[in-house]
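In the numbering used here, the protein residues as written are 109 to 291. See below for the structure under consideration.
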């Protein structure tokens, strides 16, 4: 089993970052994400917590021969469940691969919280575990090492893509907010 963790601080308030997260896909940095479908969305009337379940369709960039050996298609699916607590200002997303989970499991957790150092910034934490199935035990370490390196690269690209989306979202939000002098 391999573990990955990354912490980053966005220079924007939690409200903007959490709202922009819904605009993350599509973006030019993550062309592998083909579709994002909402399966379920509900608000707890007692707590105000929004829970959303989504199905993310991705196109894997893997050699066709490897896909054929694994009996897989280049189209893969990921289940994501997110919770937003507007009172505590927490946004947590958990995801797991649905495709090829008999070969390798990837469990990811992302959280956005108000930065403990600066309430005008948002702390982003991403962690994941990857584990290869037992029938590939001979190549387990090699496959996990390759997969975690690829996950790290994708995480960096994904964060950069989200930052571009976030910057556009902030500009859009600021342009739609009336200035105090225009009232």
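Note that beta-carbon positions come from the ideal geometry of N, C-alpha and C, so glycine has one too.
Please state whether DSSP places residue i in a helix, a strand or coil.
i           : result
residue 163 : strand
residue 239 : strand
residue 188 : strand
residue 155 : coil
residue 291 : Low confidence applies to residue 291: its pLDDT is 48, below 50, so where it sits in the model is not reliable enough to give any reading.
residue 253 : helix
residue 131 : coil
residue 260 : helix
residue 278 : helix
Could you tell me which of the options sits nearest to residue i, measuring between CA atoms?
i           : options            : result
residue 149 : 141, 162, 143, 139 : 162
residue 126 : 280, 152, 188, 274 : 274
residue 278 : 128, 219, 250      : 128
residue 180 : 266, 207, 228, 235 : 207
residue 240 : 211, 167, 220      : 211
residue 109 : 143, 236, 185      : 236
residue 166 : 118, 146, 138, 154 : 138
residue 205 : 185, 219, 263, 220 : 185
residue 234 : 130, 252, 264, 121 : 264
residue 258 : 135, 225, 214      : 214
residue 270 : 238, 134, 209      : 134
List the whole-angstrom C-beta distance separating residue i from residue j, where the pair is believed to meet the contact cut-off of C-beta under 8 Å.
i           : j           : result
residue 217 : residue 200 : 7 Å
residue 112 : residue 260 : 6 Å
residue 157 : residue 193 : 5 Å
residue 197 : residue 222 : 5 Å
residue 116 : residue 267 : 6 Å
residue 170 : residue 182 : 7 Å
residue 225 : residue 121 : No, residue 225 and residue 121 are not in contact; Cβ-Cβ is about 14 Å, not under 8 Å.
What residues are listed by DSSP as bridge partners for residue i?
i           : result
residue 231 : 117, 221
residue 145 : 163
residue 111 : 237
residue 150 : 159
Practice task
Could you name each continuous beta strand (DSSP E) segment of 3 residues or more that falls completely within the region 190-219, going from the start of the chain to the end?
Solution key: For the region 190-219, whole beta strand (DSSP E) runs of length 3 or above, ordered along the chain, are 198-205.
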